[in-house]
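S.K.: Chains as they are written, first to last, in our numbering: chain A, 11 to 488; chain B, 15 to 230.
By construction, the Cβ of each residue, glycine as well, lies at the ideal position given by its N, Cα and C atoms.
Small disclaimer: the values here were computed from a predicted structure and weren't measured.
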Amino acid sequence: MIAIAPSFWLFLLLIAPSAAAILSLVPNARVSEGVARAGALIAFAAAIAVLVTNASGAWGPYLGLDSLSDVFLFMVTGIYVTSIWYSRVYFRALSRPFLTAQVYYALLSAFAFAMIFVLVVTDLGLMWIGVEATTVTSALLIILERKPESVESAWRYTLIASAGLTIALFALLVLYTATGTLNIYQLAANPPAVTLPIEMAVALALVGYGTKVGLFPMHSWLPDAHSEAPSPVSAMFSGVLLPAALYAFLRVYRVLPTPAPAVVSDLVIAFGAATALVAAFLIQHQRSFKRLFAYSSMEVMGLAVIGIGVGGVALYGALILLVAHAFAKSAAFYCAGNVLRTTGTNRIDEIRDLRTTLPWTSGAWVVSSAAVTGAPPFGTFLGEFLIVVGAVAVGLVWVAGVVVVAVLVAFLGVNSQVGRMVFGEARAGTTLAPREPDSGWGIPYLNAAVALAIGVAAIPYLSDALRSAAVFLGGALP
Amino acid sequence: MDATAEVIALVGIGILLTALYLQSESFVDPLIRAIALQSLLLGVLLGWLAWTQRSVDLAILAALAVGVRAAFIPLFVLRRQIRAFRWRVRELHAAHRVTGHALAAVALAIVSWFVFQETLASVFPQPGAALPFILLMQGLLMLATRSNTIVQVIGYLEEENAVVYAGALFSQGFPLFVEVVVFLDVLGVVLVGVILSIQRDVTGSPEEAVLEELTG
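1) Please classify D359 (chain A): does DSSP put it in a helix, a strand, or coil?
2) Which bits of chain B does D133 (chain A) rub up against, with CB to CB less than 9 Å?
3) So within the segment 126-211 of chain A, which uninterrupted alpha helix (DSSP H) runs reach at least 4 residues, ignoring any that extend past its ends?
4) My output table needs one value for S372 (chain A): the three-state DSSP class, helix, strand or coil.
5) Could you compute how far the alpha carbon of F197 (chain B) sits from the alpha carbon of M431 (chain A)?
6) With a threshold of 7 Å (Cβ to nearest heavy atom), would A121 (chain B) be considered close to the ligand NAP?
7) Could you give the residue range of the alpha helix (DSSP H) that holds W19 (chain A)?
8) Step through the CB atoms of chain B and report whether any lies within less than 8 Å of the CB of T168 (chain A).
9) Name the two residues that bound the continuous alpha helix (DSSP H) containing A23 (chain B).
10) Is there a C-beta anywhere in chain A that falls below 8 Å from the one on G181 (chain B)?
11) Counting only C-beta atoms, is F128 (chain B) closer than 8 Å to chain A at any point?
12) Specify whether the segment 452-460 of chain A and the segment 344-353 of chain A touch according to this definition: at least 3 beta carbon pairs, one from each stretch, less than 8 Å apart.
13) Roughly how many angstroms separate the alpha carbons of V25 (chain B) and R40 (chain A), rounded to a whole number?
14) Tell me, which residues are paired with G74 (chain A) by DSSP?
15) Is DSSP giving F41 (chain B) helix, strand or coil here?
16) Work out the CA separation of A270 (chain A) and A164 (chain A) for me, nearest whole Å.
17) Taking any Cβ of chain A, which residues in the segment 114-140 of chain B have a Cβ under 9 Å from it, in chain order?
18) Any idea if Q52 (chain B) is buried or exposed, counting beta-carbon neighbours within 10 angstroms, 16 or more meaning buried?
19) Please look up how many angstroms separate the CB atoms of A26 (chain A) and A46 (chain A), rounded, as I've assumed it's under 8 Å.
20) For the alpha helix (DSSP H) that contains G249 (chain A), what are its first and last residues?
21) Below 7 Å on C-beta distance, what does Y186 (chain A) contact in chain B?
22) Just reading off the alpha helix (DSSP H) that R301 (chain A) is part of, what are its end residues?
23) Identify whether M228 (chain A) lies in helix, strand or coil by the three-state DSSP scheme.
24) Count the other CB atoms within 10 Å of the CB of N162 (chain B); is the residue buried (16 or more) or exposed (fewer)?
25) Of the choices A:V428, A:T87, A:T371, whose alpha-carbon is the least far from that of D359 (chain A)?
26) If we cut at 8 Å on Cβ distances, does L154 (chain B) have a partner in chain E?
27) Show which residues of chain A have a CB atom less than 8 Å away from the CB atom of V177 (chain B).
28) Between L78 (chain A) and A56 (chain A), is the Cβ-Cβ spacing less than 8 Å?
29) For L487 (chain A) and R477 (chain A), I'd like the C-alpha separation in whole angstroms.
30) Could you tell me which of A:S97, A:A120, A:D76, A:R98 sits nearest to I32 (chain A), measuring between CA atoms?
31) What's the C-alpha gap between L151 (chain A) and A173 (chain A)?
32) If I'm right that F391 (chain A) touches G465 (chain A) with Cβ under 8 Å, what's the distance once you round it to whole angstroms?
33) Here's a check: name, in chain order, each residue in its chain whose Cβ is nearer than 7 Å to the Cβ of R365 (chain A), leaving out the five neighbours to either side.
34) According to the neighbour-count rule (16 or more other Cβ atoms, all chains shown, within 10 Å of its Cβ), is G114 (chain B) buried or exposed?
35) Please list, in chain order, the residues of the segment 206-229 of chain A that have any C-beta partner in chain B closer than 7 Å.
36) Mind checking which residues open and close the alpha helix (DSSP H) that includes N425 (chain A)?
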């Protein structure tokens, strides 16, 4: 049997989406879609191969893999492939899209490439370029539906995310001047002494990358972009773009020893707690179901950041939460896309009795909504539970309390609204006949099933990689 | 003081003054010309450093500062956005609190200087090293307090100037710094050249509209 070198999978991960981005520009829309699908499938297969072989090591000065990148690659390519698949259903229903199908698929593939690039480079400067590239490639995708709101959202997204990333770049300048390198393996092998400039660099990176993660108070682009983007793009934003930015921060954070200095970890926890609480309470006031899920993503990112700040078992919980949330939230956004296409509105008050109109989509929406808000036995529940356990274990009872409050408030807010739309009685004469689309409802079930499987540790290689990644980051296992 | 130190100090003061002017102006056209001047000053400084150090990287950064951020984006792309009504475009929401902006900018500059001295001065011991950090904070203030989209682009350009200023002066050897700056410029062009144009086509104005769907 021929052994395939891990570097082969790594290069395949980079080549498949970039080739798809270029080749998708062929004149024929159906060929373009086929090319994009093939690229996404190949990238996903390569990510699975990386996960199964537990690939790790550095290839040259700029590329490398470890357990943390393996986990994130599975997550990013998983949502990439399902979003590409779902795009056909969504794109077909658009009357006058701003982009042609070819440009749409090219940008979506380039967007995925930028995220994969972030995960496989070992230089923090290149990682920063990758995160910035996600902005360039995804900004135009938001405008697909050609609405004034979409343009305004794309504008806010580009400007606020880029402003944040210049702060992150300044952080890297400080880090480089203090240490003389930006290579993550060199920094790990020769960790710098903890000085005020290093702590300042990490704090600036938190603010900079935190802007892209959607941390309060730099979050204002997030609900707009997530709600105005087409649903497959919203799924990629919520499911994997935010975690990819958080990954970049994690790499900077890892420069610090374990446990991190209290002043920095307290700052991280404070940002996470403020984000989770603010988002959980804002969820209660949403009138658009896509904004509802956008704020839910913000709440989950806040919880994950808390887990990173607390460290130990909570860090392991944060990783599980991120992966499970990616699949659950993408499922919720695909369902939201079906609902939007069928009803023509995203106003919660105008939608009732979806169980009659969209029986299959409704089922998936109820399940995925429960999953994103941490209902047991989904992986999100396991992740949030471990964050609470981790916080209590290190004596941060108030942090555990914040997590519990945020989770409960968000759970009630999201599920009551979805429940009203699915099970609420329609006004007399407004009931629509069943209009379930031929396709597009199966993918949400698939992704919700993955979120469930993560919760019951039924994906062997992924479970192992998650444990390795937590240990690699200095976390602890239960 | 040697010639290079004098040039750094003089140009640094000029850049700081343009940053404070940007905060105190509400008319858009003078703001565009002020950010062009700031980028030009930065370009002159980078050009001087490139000449004295015989550095190709710094020469490229100087060319980008002058070509893209002093000329192309402000004078070609941004001014085209307000071509029809150049002399009366002002930021209405900001106009009545310009004095407050200016005072806030000065206060922020002083606070930024203290923060820099307390936290980062040991890494950047050079005289005037706090200026890029102050400039970064001024750019953020502009982005946070202004609502006109063109003025926000100017805030973004100021932030980019700050990063280039810091990188070129104090962090030479930063890997791929030229590439990073090229990338930032590409983003700047995408920002103003594509999205701003689309915004004008779709909404009919570069001004921010009140959009019901984006509330909550």
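M.R.: To lay it out plainly:
1) In the structure shown, D359 (chain A) sits in a helix (DSSP, three-state: H, G or I).
2) P189, L190
3) 134-152, 158-189, 194-199
4) helix
5) 44 Å
6) No copy of the ligand NAP appears in this structure; indeed no ligand is present at all.
7) 16-33
8) It does: the Cβ of T168 (chain A) has a partner Cβ on chain B nearer than 8 Å.
9) 17-38
10) yes
11) no
12) yes
13) Cα to Cα, the separation comes out at about 56 Å.
14) A:A68
15) It is a strand residue.
16) So the two alpha carbons sit approximately 36 Å from each other.
17) Cβ contacts with chain A come from V129, E132, T133, L134, A135, S136, V137, F138.
18) buried
19) About 10 Å separates the two Cβ atoms, so there is no contact after all.
20) In this chain, G249 (chain A) is not harboured by any alpha helix (DSSP H), its DSSP state being neither H nor E.
21) S185, F188
22) 299-320
23) coil
24) With 16 or more other Cβ atoms within 10 Å, it is buried.
25) A:V428
26) Absent from the structure: chain E. Protein chains present are A and B.
27) From the beta-carbon of V177 (chain B), the residues of chain A found nearer than 8 Å are T176, L179, F180, L183.
28) The answer is no: Cβ separation not under 8 Å.
29) Rounded to whole angstroms, the separation of the alpha carbons of R477 (chain A) and L487 (chain A) is 7 Å.
30) Distances from the CA of I32 (chain A) to each of A:S97, A:A120, A:D76, A:R98 were compared; the closest alpha carbon is that of A:A120.
31) 20 Å
32) In this structure F391 (chain A) touches G465 (chain A) by the C-beta definition: roughly 6 Å separates them, less than 8 Å.
33) S372, V432, F433
34) exposed
35) L206, P207, M210
36) 407-433
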